[in-house]
Every structure is written in C-alpha cells, then in structure tokens.
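Chains as they are written, first to last, in my numbering: chain P, 120 to 599; chain E, 299 to 622.
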C-alpha cells in the first residue's frame, strides 16, 4: 500500500509540473490549470470569510475536505506535491539509523502551533485582512514555480527564499513544515479528527517494538494510538509492522484513543490575540493608494482584490511578457506578493487576457478581449495612465528626434500625440489620458535607460471608476 | 489515557460528526460558489427639493450695521419664518465653514448670522442641525469659526461629517452625474437652508450660494476645479434648498477663498435671503463689484432652468434698511 501511495505522490508531483507547464500562452487551452490551488479549502475558506465568495472551481477543496471528514487526512500523505517534495528533502537531510528516526518521529506538543496559525489566519481573513495565501502550501508552491520559471522576474527572490526555508526546515525534523506550521494541514487535521476510520493498534499481537514510529512522517505516534488529526494515512506503519498489529479500521478494540489536536485554552486565546494583532497591524497600513500599484486588467477594486488574492502567482506564470511580478512595497504590507505590473519587465499585451483566465479566486475577474478593448459596452479597461517626464524625454529635454513611444502606442486613435512647437522640427510626445489604457508599451520601449522618460502610474484606472480628471460625456468626441 | 473502545453509541456519534462535517464542507461550497462574481456598485440616491411650494421666486436684501437683526428682518420681508419652517420640522443649516479661521477673517459664515438664523428656526418650533464637510479638520473649523458656540447657544447642534454619512448621489447633468455626497443629513432634514458667505474665489470669481453646496460633497472633489462653472451649476441641480441666506455682513474682497488677513475683509452690512438660488448669487456678486455676467456659472444655471438672475423678475423683491 505504501508503494501505491508513492505512485500517487509521484503522479501528483508530475501533474503539478504539467499543469504549471500548461500555464503559458499557447498551451492554455481551457484546462483547469489551477487544480492544486482549488484543492486547498484553506484558500476557499479565506475568500469566503474575507469576501463572501468562492470562485470558479474552488469548490474542489471542499469536496476533498468532506472526504477527509469521512476517511482522514489523506491529502497530506497522498496528494500534496509540497509534502512529497518535503518527503524527498527529509530523506536527504535526516539520518537513516533506526534509533535516530524513532526519535525524529516522536510526537511533539509544538505540532499544535499549526492550529494556532490556522485560527489566526482565518480570524484575520474574517476581519478583511486576507493573508492565507502567504502560508497556504499550494499557493506557496505555485508562486515558487512561477518565480522559478520566469527568469529575471524582479521581486521574486523573497518568494524563493520562503520555499528554501520550508525545504531547509527538514534539517530540524522531517516534514517540519507539515507537522508544525502548515495551516492547510491543520484544517485537514481538524476535520480528520471527525472521521470514523483511523489507524488502530491491536494490543494482543503488538510486541511493543517501535518500528511503526520509525517511518511515521507525521509524528502521529501510531505506537500508542494514532493521533487522527496528525496522521497522513501514509500506510508506512501498517506495512512496516512485523506483527500486522496495525490496521485502518473503524476502531472497535481497546487501546484506541481519540486525541484532541493538542491546543489548550491558552493556545486558543494566544491564536485569537494573534489573529486580532494581524488584523490591527495590517489595517493600520496606509499605503493602499500607492501609484506604482498597477494591477492586471480585470482586477477587482483594491479592497475586494486584496480580499480574494491568494498571491499564488498563476497570473505571473502565464503572463507572456512577464510584466507581472510579485509586489514588494507597491501595494502595502497586506499586498505583499500580489501581482503588479512592472514595465521594466514587459508590458500588458493588448489582445491578451490570460491572467484573468487562470486566476483561481476571481481577484482578477474573467474578461474577454472584447471587454478589455471596450468593444462590448462602455470604455476599454484602463489600468493606469502614461505620464511623459519632460525632463528626461529626448525631444523635450535635448531636442533630439525620437517618438518611439508614439510609434508603439497600440490603441487607435493613438493615445500619444505629436506636438510641433513653432521653430522646431522635432515632434514631442504628449499623452491624451482619455485614450491611454496604461498598457506600458511606451515605457517598456522608451530608449532612456532604467528610469524611462514615459512612465505608467495607476492613476485613472477604470476599476476605481476613472481618473484624476473630470469625466465629461463628450470627452472622447472632443479629442478625436 | 486509554479509553474503552467504541461501542455502538460512540460509533454512531462519530459517524454523525463525520457526516455533519462533510455536509458542512459541501454546503459551504454550494452556498458561496460564485455568489458574488463582482462587487455591485452602490446604487445612486437622489436628493429631493426642499423648496416650499408657492415660494418659488422671493428675495429680500437687507442692509444695516446691527448684524444680529438683519436675518430676522430679511426673512420677515418675504413672509416670515413660519412660511418656510413648521413646528416639528428638521432644519439642516449649511454654512460656509470651509476653513479653520477665526470669524473676523471673513473666510467662514459669521457667527452672528448663524446664531440669529438658528434662533429663528428654533423659535418656529424646528429641530436645527448644522453640517459642512470643510477643507480643514471639521471639528476645528466649526470651533474656530465661532459657529459651534453660536449654534449651540441658540439651540442647534453641529453634525460633524463622518464616512458613514456619505452616499453616492445623483448630482447633476453637466459634469458630475454621480458623486459622493453628505447624504444622511439631507435624508434626515425636512428643510435645508444654505447659509453661504460672500468671498472672492481664485478660480471662479466669487464663491456665493451655489458654490456653498460644494461643502456637501466628498470624494475626489478637487477634480471639479477642471470644470468649476459646470460643477457649480450641477450643484444647483443636486439640491434645491428651502432658502438661501447669503451672509454679506462682511466681504472677503481679495486672497479668496481662504483670506487670512484682516485687510482682506471689508464690511458689507448686508444679508440677502431668497428662494431663487440664481437670483441670490446674481445680487451677491454685485456686493463684490462684479456683475452677474462675470460669473459664467450664473448663465449656465439660468440656461438649465435653475432660476433667473434678474431680481426685477421676482414676485417679491425688497430692499430694506434695518436697524441704524
């Protein structure tokens, strides 16, 4: 059975790799590439608490959660690709000797910390500070994959630092992350306690050897009666037992105990205070209007966006120009790793809505090209506005011919006009903010290095109802 | 540590718990699945007219150096307060309290006029509240302009703006169709009286009665300066007050609309009361030596039917000298 489990683990790791590979222009053909993100009911619960919504195919996680209530915490042992990676890492980082392994895999009361983390994250989400994506293993892994597969993605290094830390924690204990920290494991664990089935030790045949503990990745102490909230149902103990004393069954024999999750009243209060502290801290963040916070087209208004975004990075992975990168300071503390456009990396392709197709939570609403271009009803989606920096612009500052920005401007009529001043043969660029959609192609192509002479800021983005200028009904007619 | 094994009771209990948890999980997914695809924008509300029927075209201009009697005399001249305010009415007064300035600098409505008007409405049996959404800190503006003291002493209350009092409101047709406005006080009121003061304005020439409603707006109102005359005319569509009481007891003649020096202020000794906001502003402009034609918004307001600039067209127009 444990070999079957290993096949499953390899299969799901490969599936994760394939789905990540499919998350790209030219390969994304309607597949649900976010299956693993959907499989996390933690992400779903977070968006339900923060925003009252469960988007697209995220119900899958609740199906798995229901199954967990019936059979136990199988997800961590059989499906979770991060767990499988950590199994491999543990194999590399921990000793093989039986005595050491037995010590390694003894239950430790600090494993209750993960339930505290879960409670704190959910409380903060209920208050509107949605941070579950930072610690959700599926989001963590997807984000890391996006960072790894988009070389040169600025701002990606802290994402990989976290992945490295999660892997290296195995030096202390095998599957350290899963045992002590993982809030998704905690959620599955809490529900798994309710399952009628469990791995049970039968006293008459047990010789009280510690073999079962030796191979328990979850440190769920099968020797003294498995802790069902911790047990991954990996089947190691059942297969390893020399006396066939362990079985998965609905317990009917003596010697079974149904432990709590190991969190006492003090721990519960501490986690509650922690949740309130997170909530207070991030509510006090005043950087929500930062002008470099340029969001992908289709993004919800900022508060709703932050309520839904789990910082999984699927949008960054799929973006063909790699303009999307994880935010560091652009959207405040609570917006860490949410997607922002960085025109030094790329630009928003005019006829592309891929990021909106892969967003699992609907933080980026599913949009069509027609909607993005304003061909259905109303105006095109505007994600920002270009401003010419006349002090750096070659024609304005040095009288040199250029107009690259005007040349590449993709909208028709062009949002960048050429003005000819009397006595000068050099055309100078001027932006019409009512036509500019903020795609950033001008900034990306501007020949002035590093700090381009034409730059996008989020001013005037349509998700917040328009611009810094007064909108009058006839303004498009007046400019054409 | 070791409990007895499962008997039928604990077995059933465990199965029940398990089934309940599974049902809850699936139920959560079913209830919340795509429940809110996109947040709905807030439906805009409208502000009705507060004009008392049959009082459409009245105006009185009263001059005198005893400022405390001017309001009463002016209101008497167009029929007395009882014509406009009934016992039990909830009256909202909207002064110009835009800046954190002492009263003698002329940047805000004078306490004498506000006090007298509050007293008049309270005498008529009304509940009086006063609000404004100033440029500077609201509480500081009301205290330092002397309005908190003047209003409270005469039986009225200050209602400071707070985020929960604003709603998306239909505001006009020319340049702002919908805007964040201080809606809840307007919803509370049965009568609304604008109590502007007379000031020069750096951009639109003068700030008088119609511009005073700017102080009921929230949102990014700094954008409105790009089409200031259209915005002011829209304000006349946003709200039609019961009365406008224009405080010209002193005039801010330069460095408006903030002022800041006593030398920017000139005595005016005038109060204008009227039901036609366009006529009140047209006359008010003359106090600053302007003609109504100098203020583009007056023509715009006339063209969309908010009133008539020419006071001689009014059914009751009086000029009175009051006091000494």
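C-beta atoms are modelled at their ideal positions from N, C-alpha and C, and glycine is treated no differently.
Since the model is a prediction, treat every value here as computed from it, not as a measurement.
Point to revise | Bridge partners - residue 572 of chain E, DSSP secondary structure assignment | key: Sequence index remark: in the second chain, residue 572 of chain E carries index 274 (1-based). In the DSSP output, where bridge partners are listed per residue, residue 572 of chain E has E:357 and E:542.
Check your understanding: Does residue 323 of chain P get closer than 8 Å to chain E when you measure Cβ to Cβ?
Key -> Taking the first residue of the first chain as position 1, residue 323 of chain P is located at position 204. No, its Cβ sits nowhere closer than 8 Å to a Cβ of chain E.
Point to revise | Environment of residue 544 of chain E [buried if 16+ CB atoms lie within 10 Å] | key: To locate residue 544 of chain E, count along the second chain from 1; it is residue 246. Flag for residue 544 of chain E reads buried.
Check your understanding: Of the residues P:438, P:502, P:562 and P:542, which one's Cα is nearest the Cα of residue 265 of chain P?
Key -> Your numbering for residue 265 of chain P matches position 146 in the first chain. When only C-alpha atoms are compared, the closest one is P:438.
Review point. With a CB to CB cut of under 6 Å and the five nearest residues on each side skipped, what residues in its chain are close to residue 303 of chain P?
Key: Within the first chain, numbered from 1, the residue matching residue 303 of chain P stands at position 184. Same-chain partners within the cutoff: 159, 161, 255 and 256.
Check your understanding: So which residues on chain P does residue 331 of chain E lean against when the C-beta distance must stay under 7 Å?
Key -> Locating residue 331 of chain E in the second chain gives position 33, counting from the first residue. Chain P residues near residue 331 of chain E: 173 and 178.
Point to revise | Beta-carbon spacing of residue 369 of chain E, residue 403 of chain E below 8 Å | key: Taking the second chain and counting its residues from 1, one reaches residue 369 of chain E at position 71. Taking the second chain and counting its residues from 1, one reaches residue 403 of chain E at position 105. Not in contact: residue 369 of chain E and residue 403 of chain E (Cβ atoms no closer than 8 Å).
Review point. Run through DSSP, which three-state label would residue 315 of chain P get?
Key: As a first step, residue 315 of chain P must be located in the first chain, where it is residue number 196. The answer is coil: DSSP assigns residue 315 of chain P none of H, G, I, E or B.
Review point. Residue 358 of chain P versus chain E: which residues are under 8 Å apart at the beta carbon?
Key: Within the first chain, numbered from 1, the residue matching residue 358 of chain P stands at position 239. Simply none; closest approach about 24 Å.
Practice item. Could you tell me the boundaries of the beta strand (DSSP E) in which residue 509 of chain E lies? Key: As a position in the second chain, residue 509 of chain E is number 211, starting the count at 1. Residue 509 of chain E -> no beta strand (DSSP E), and no H or E assigned at all.
**Study point:** residue 194 of chain P, buried or exposed, once every other Cβ within 10 Å from all chains shown has been counted against 16
**Key:** Walking along the first chain from the start, residue 194 of chain P turns up at place 75. Per the 10 Å Cβ criterion, buried.
Exercise for review: Whole angstroms is fine: what's the gap from residue 505 of chain P's alpha carbon to residue 559 of chain P's?
Suggested key: The residue you call residue 505 of chain P lines up with position 386 of the first chain. The residue you call residue 559 of chain P lines up with position 440 of the first chain. When rounded, the distance between both Cα atoms is 7 Å.
Check your understanding: Does DSSP put residue 219 of chain P in a helix, a strand or coil?
Key -> Counting from one through the first chain, the residue named residue 219 of chain P turns up at place 100. If DSSP states are grouped into helix, strand and coil, residue 219 of chain P belongs with the helices.
Check your understanding: For residue 605 of chain E, is the classification buried or exposed, using 16 other Cβ atoms within 10 angstroms of its Cβ as the cut-off for buried?
Key -> Within the second chain, numbered from 1, the residue matching residue 605 of chain E stands at position 307. When all chains shown are included, residue 605 of chain E counts as buried.
Exercise for review: Kindly indicate if chain P contains any beta-carbon less than 8 Å away from that of residue 464 of chain E.
Suggested key: Residue mapping note: residue 464 of chain E aligns to position 166 of the second chain, counting from 1. False, the Cβ-Cβ gap to chain P never drops below 8 Å.
Review point. Within 10 angstroms of its Cβ, does residue 554 of chain P collect 16 or more other Cβ (buried), or is it exposed?
Key: Residue mapping note: residue 554 of chain P aligns to position 435 of the first chain, counting from 1. The residue in question, residue 554 of chain P, is buried, as its Cβ has 16 or more Cβ neighbours within 10 Å.
Check your understanding: Are residue 362 of chain P and residue 340 of chain P close, meaning C-beta to C-beta below 8 Å?
Key -> Residue 362 of chain P sits at position 243 when you count from the first residue of the first chain. Residue 340 of chain P sits at position 221 when you count from the first residue of the first chain. Taking 8 Å as the Cβ cut-off, residue 362 of chain P and residue 340 of chain P do not qualify as a contacting pair.
Review point. How about residue 473 of chain E and residue 532 of chain E: are their beta carbons less than 8 Å apart?
Key: Locating residue 473 of chain E in the second chain gives position 175, counting from the first residue. Locating residue 532 of chain E in the second chain gives position 234, counting from the first residue. Yes; because the gap between Cβ atoms is below 8 Å, this pair is in contact.
Point to revise | chain E within 8 Å of residue 238 of chain P, Cβ atoms only | key: Against the first chain, residue 238 of chain P aligns to sequence position 119. Judged by the 8 Å Cβ criterion, residue 238 of chain P is not in contact with chain E.
Check your understanding: Does the Cβ-Cβ distance between residue 258 of chain P and residue 156 of chain P come in under 8 Å?
Key -> To locate residue 258 of chain P, count along the first chain from 1; it is residue 139. To locate residue 156 of chain P, count along the first chain from 1; it is residue 37. The beta carbons of residue 258 of chain P and residue 156 of chain P sit closer together than 8 Å.
Check your understanding: Who are the Cβ neighbours of residue 420 of chain P in its own chain at under 7 Å, not counting the five residues just before and after it?
Key -> The sequence position of residue 420 of chain P within the first chain is 301, counting from 1. Same-chain partners within the cutoff: 582 and 583.
Review point. Shorter than 8 Å from the beta carbon of residue 535 of chain E to some beta carbon of chain P?
Key: Here residue 535 of chain E corresponds to residue number 237 of the second chain, with the count starting at 1. It does not; no Cβ of chain P falls within 8 Å.
**Study point:** Residues of the segment 189 to 204 of chain P whose Cβ lies closer than 7 Å to any Cβ of chain E, in chain order
**Key:** 189
Check your understanding: Do the segment 388 to 396 of chain P and the segment 353 to 361 of chain P touch if we need at least three Cβ pairs shorter than 8 Å?
Key -> Result no; under three Cβ-Cβ pairs closer than 8 Å.
Exercise for review: Name the residue from P:535, P:569 and P:318 whose alpha carbon lies nearest to the alpha carbon of residue 369 of chain P.
Suggested key: Counting from 1 along the first chain, the entry for residue 369 of chain P is found at position 250. Selected option, being the one with the closest Cα: P:318.
**Study point:** Touching by the beta-carbon criterion (3+ pairs, under 8 Å), the segment 454 to 473 of chain P and the segment 287 to 305 of chain P
**Key:** no
**Study point:** Cβ contact (3+ pairs, closer than 8 Å) linking the segment 506 to 518 of chain E and the segment 479 to 493 of chain E
**Key:** yes
Practice item. Determine the closest residue to residue 618 of chain E out of E:608, E:575 and E:571, with distance taken between C-alpha atoms. Key: Taking the second chain and counting its residues from 1, the one referred to as residue 618 of chain E is at position 320. The shortest C-alpha separation from residue 618 of chain E is found at E:571.
Review point. Is residue 148 of chain P helix, strand or coil by DSSP?
Key: By 1-based counting over the first chain, the position of residue 148 of chain P is 29. Coil at residue 148 of chain P, not helix or strand.
Review point. Below 8 Å between beta carbons: does that hold for residue 269 of chain P and residue 279 of chain P?
Key: By 1-based counting over the first chain, the position of residue 269 of chain P is 150. By 1-based counting over the first chain, the position of residue 279 of chain P is 160. No, they are not a contact pair.
Practice item. Starting from residue 267 of chain P, trace the alpha helix (DSSP H) both ways and give me its first and last residue. Key: Here residue 267 of chain P is taken as the residue at index 148 of the first chain, counted from 1. Its alpha helix (DSSP H) spans residues 256 to 268.
Exercise for review: Report the partner residues of residue 367 of chain P according to the DSSP bridge assignment.
Suggested key: Residue numbering aside, residue 367 of chain P sits at position 248 when the first chain is read from its first letter. Answer is P:318, bridged to residue 367 of chain P.
Review point. Of the choices E:341, E:406 and E:439, whose alpha-carbon is the least far from that of residue 394 of chain E?
Key: Taking the second chain and counting its residues from 1, the one referred to as residue 394 of chain E is at position 96. A check of alpha carbon separations from residue 394 of chain E across E:341, E:406 and E:439 identifies E:406 as the nearest.
Point to revise | residue 181 of chain P to residue 174 of chain P span [Cα, whole Å] | key: As a first step, residue 181 of chain P must be located in the first chain, where it is residue number 62. As a first step, residue 174 of chain P must be located in the first chain, where it is residue number 55. In a straight line, the C-alpha of residue 181 of chain P is about 12 Å away from that of residue 174 of chain P.
Practice item. Kindly indicate the opening and closing residues of the alpha helix (DSSP H) around residue 485 of chain P. Key: As a working mapping, residue 485 of chain P is identified with position 366 in the first chain. It is not in any alpha helix (DSSP H) - residue 485 of chain P carries neither H nor E in the DSSP assignment.
Practice item. Identify the continuous alpha helix (DSSP H) that holds residue 486 of chain E and give its terminal residues. Key: Taking the first residue of the second chain as 1, we reach residue 486 of chain E at position 188. First-last of the alpha helix (DSSP H) with residue 486 of chain E: 481 to 486.
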